[in-house]
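Here the structure comes first, spelled out in structure tokens, and everything after it is commentary.
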Amino acid sequence: DFARKHEWVPMCGYTHMQRAMPSSVGQWAGAFAEELADILYLWDGVYQLSDMSPLGSGAGFGVSIDVDREYTANELGFSRVQNNPIYCQNSRGKIEVQFLNLLSQTALALNKIATDLVLFTTAEFAFFSASDSITTGSSIMPQKKNLDVMELLRGKTFQVLGLESAMKNLVTNLISGYHRDLQDTKRMLIQALSMVKEFLAVVEVTFSHITPDEKKLAEALDKTVFATDYAYMKVKEGVPFRQAYQEVGSNLKIIPDFDVLQNMREKQHRGATGNLGLEATAKRLSQERQNAQKAHEVYEAVANKLIGA
Numbered sequence: 006d007f008a009r010k011h012e013w014v015p016m017c018g019y020t021h022m023q024r025a026m027p028s029s030v031g032q033w034a035g036a037f038a039e040e041l042a043d044i045l046y047l048w049d050g051v052y053q054l055s056d057m058s059p060l061g062s063g064a065g066f067g068v069s070i071d072v073d074r075e076y077t078a079n080e081l082g083f084s085r086v087q088n089n090p091i092y093c094q095n096s097r098g099k100i101e102v103q104f105l106n107l108l109s110q111t112a113l114a115l116n117k118i119a120t121d122l123v124l125f126t127t128a129e130f131a132f133f134s135a136s137d138s139i140t141t142g143s144s145i146m147p148q149k150k151n152l153d154v155m156e157l158l159r160g161k162t163f164q165v166l167g168l169e170s171a172m173k174n175l176v177t178n179l180i181s182g183y184h185r186d187l188q189d190t191k192r193m194l195i196q197a198l199s200m201v202k203e204f205l206a207v208v209e210v211t212f213s214h215i216t217p218d219e220k221k222l223a224e225a226l227d228k229t230v231f232a233t234d235y236a237y238m239k240v241k242e243g244v245p246f247r248q249a250y251q252e253v254g255s256n257l258k259i260i261p262d263f264d265v266l267q268n269m270r271e272k273q274h275r276g277a278t279g280n281l282g283l284e285a286t287a288k289r290l291s292q293e294r295q296n297a298q299k300a301h302e303v304y305e306a307v308a309n310k311l312i313g314a
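Per my numbering, residue 6 is the first one in the sequence shown, and the count goes up by one each step.
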């Protein structure tokens, strides 16, 4: 939604922390929407990996009573039985590692947003302004408006990564079968999940309370940002790119004035500023919402059935 709202607001793109090429607020925000949509593909995979019932495997070698493991799995809403009893034990912690890896991937995507916004809301950049409702003051400096929520998200990302690493270490060097060490796996999983859920909530609120400063964004788009576009213009005229690169790079003063919006709209290949493809991302996210709703309905049905029983 933020990307669509500000699709045509010009913004400078950066590489190596230096001004690089023309971009847009829509392209910047759309990058994160697409990344999170891709992460949902991975979540589906981990859901499928987790969607199996270990019940009936006993302590890890089966039981001498003829239990119907398929019946139990069906009653609890699992799609299948985790077949081998030893694997039921050996997978403990390892499936959680996959879950934690996806929490880490999600946290890293949000961490990038936080890092960008902490920089882009400084007085030196001032690309975005943040409302008072999401900023805090200073202990002694009355003029301060700190985007603390993004700083905290940025710092706590390392805690999520640390929990993933701790889980991997926990399941290393254990022989096949159950070990009491594994009781700690749930604590790590719940702790990381709780943090990432908070991250998502904080980011959603933040995007509702930041505003692009179009004047400041425009000021960052000096002539040098269009150097590559000018080199491409020469290529279209038949000049080899190597030669065009050298000519422009050795004399930046020859770069003509560009109409920024026209420049943005002319770039029509998929993903470029004139063709962001936001609707495709929105469609994917909408489908995932529907899938999540269906999964929730199945969960509710199973829960109500068990409560009734």
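Every residue gets a Cβ at the ideal spot worked out from N, C-alpha and C, and that includes glycine. All values derive from a computational prediction rather than experimental measurement.
| Distance between beta carbons of Gly-98 and Met-172, contact taken as under 8 Å | Position 167 of the sequence shown, counting from 1, holds the residue named residue 172. Position 93 of the sequence shown, counting from 1, holds the residue named residue 98. The Cβ separation is near 6 Å, so the contact holds.
| message | Which complete beta strand (DSSP E) runs does the stretch 115-185 hold, if anything under 3 residues is left out? | response | 133-135
| query | Candidates Thr-140, Val-86, Gln-32 and Trp-48: which alpha carbon is nearest Ala-8's? | reply | As a first step, residue 8 must be located in the sequence shown, where it is residue number 3. Considering only alpha carbons, the answer is Gln-32.
| Where Ser-55 falls: helix, strand or coil (DSSP) | Position 50 of the sequence shown holds residue 55. In this structure, Ser-55 counts as helix in the three-state DSSP scheme.
| task | Could you check how far apart the C-beta atoms of Val-154 and Phe-104 are, in whole angstroms? I think they sit under 8 Å. | result | In the sequence shown, residue 154 corresponds to position 149, counting from 1. In the sequence shown, residue 104 corresponds to position 99, counting from 1. The Cβ separation is near 25 Å, so there is no contact.
| message | By the DSSP assignment, the beta strand (DSSP E) with Ile-260 in it spans what residues? | response | For the purposes of this step, residue 260 is taken as residue 255 along the sequence shown, with counting starting at 1. Run containing Ile-260: none; DSSP gives neither H nor E here.
| said: Can you confirm whether the stretch 193-202 touches the stretch 134-150 when touching is taken to mean that 3 or more C-beta pairs between the two stretches lie within less than 8 Å? | reply: no
| task | Quick one: residues in its chain with C-beta nearer than 7 Å to the C-beta of Phe-263, no 5 flanking neighbours on either side, listed in chain order? | result | Counted from its first residue, the sequence shown places residue 263 at position 258. So the list reads Phe-231 and Asp-234, once near-sequence residues are dropped.
| Is His-11 buried or exposed, if buried means 16 or more other CB atoms sit within 10 Å of its CB? | Position 6 of the sequence shown, counted from the start, is the residue given in the question as residue 11. It counts as buried.
| query | Whose C-alpha, out of Glu-80, Phe-163, Thr-141 and Tyr-237, is nearest the C-alpha of Ile-312? | reply | Translated into the one-based positions of the sequence shown, residue 312 becomes position 307. With distances taken between Cα atoms, Ile-312 lies closest to Glu-80.
| query | Do you know how far the Cα of Gln-164 is from the Cα of Leu-45? | reply | Taking the first residue of the sequence shown as position 1, residue 45 is located at position 40. Taking the first residue of the sequence shown as position 1, residue 164 is located at position 159. Looking at the two C-alpha atoms, the distance is approximately 22 Å.
| Which of helix, strand or coil does DSSP assign to Gln-109? | What you label residue 109 is simply residue 104 of the sequence shown in a count that begins at 1. The sequence given here places Ser at residue 109; Gln does not occur at that position. Looking at Ser-109 - three-state DSSP - the assignment turns out to be helix.
| task | Would you mind stating whether Asn-16 and Leu-281 have Cβ atoms separated by less than 8 Å? | result | Locating residue 16 in the sequence shown gives position 11, where the first residue counts as 1. Locating residue 281 in the sequence shown gives position 276, where the first residue counts as 1. The sequence given here places Met at residue 16; Asn does not occur at that position. Their beta carbons are not under 8 Å apart, which means Met-16 does not touch Leu-281 by this criterion.
| query | Who are the Cβ neighbours of Arg-74 in its own chain at under 6 Å, not counting the five residues just before and after it? | reply | Indexing the sequence shown from 1 puts residue 74 at position 69. Once the five neighbours on either side are set aside, the close Cβ partners of Arg-74 are Gly-61 and Val-86.
| request: Give the straight-line distance between the Cα atoms of Ala-285 and Leu-168, rounded to the nearest whole angstrom. | output: For the purposes of this step, residue 285 is identified with residue 280 of the sequence shown, where counting begins at 1. For the purposes of this step, residue 168 is identified with residue 163 of the sequence shown, where counting begins at 1. Rounded to whole angstroms, Ala-285 to Leu-168 spans 34 Å at the Cα level.
| query | What's the C-alpha gap between Leu-107 and Leu-115? | reply | For the purposes of this step, residue 107 is taken as residue 102 along the sequence shown, with counting starting at 1. For the purposes of this step, residue 115 is taken as residue 110 along the sequence shown, with counting starting at 1. If you take the alpha carbons of Leu-107 and Leu-115, they lie about 12 Å apart.
| request: Note the first and the last residue of the continuous alpha helix (DSSP H) segment covering Ser-199. | output: Position 194 of the sequence shown, counting from 1, holds the residue named residue 199. From DSSP, the alpha helix (DSSP H) with Ser-199 extends over 189-212.
| What is the DSSP secondary structure of Arg-85, counted as helix, strand or coil? | Translated into the one-based positions of the sequence shown, residue 85 becomes position 80. Three-state result, Arg-85: strand.
| said: In this structure, how does DSSP classify Met-16 when only helix, strand and coil are distinguished? | reply: Indexing the sequence shown from 1 puts residue 16 at position 11. Strand.
| What whole-angstrom Cβ distance do Thr-278 and Ser-58 have, given they're in contact under 8 Å? | Translated into the one-based positions of the sequence shown, residue 278 becomes position 273. Translated into the one-based positions of the sequence shown, residue 58 becomes position 53. Going by Cβ atoms, the distance from Thr-278 to Ser-58 rounds to 49 Å, so no, they are not a contact pair.
| query | So, helix, strand or coil for Ile-91, using DSSP? | reply | In the sequence shown, counting from the first residue as 1, residue 91 sits at position 86. It is helical.
| request: Specify the secondary structure class of Gln-273 as computed by DSSP and reduced to three states. | output: Translated into positions along the sequence shown, residue 273 becomes position 268. In the structure shown, Gln-273 sits in coil (DSSP, three-state: anything other than H, G, I, E or B).
| task | Please report the residue range of the beta strand (DSSP E) in which Met-26 lies. | result | Your numbering for residue 26 matches position 21 in the sequence shown. Residues 23-29.
| request: Run the CB neighbour count on Leu-41, radius 10 Å, all protein chains shown included, and call it buried at 16 or more, exposed below. | output: Numbered from 1 along the sequence shown, position 36 holds the residue referred to as residue 41. With 16 or more other Cβ atoms within 10 Å, it is buried.
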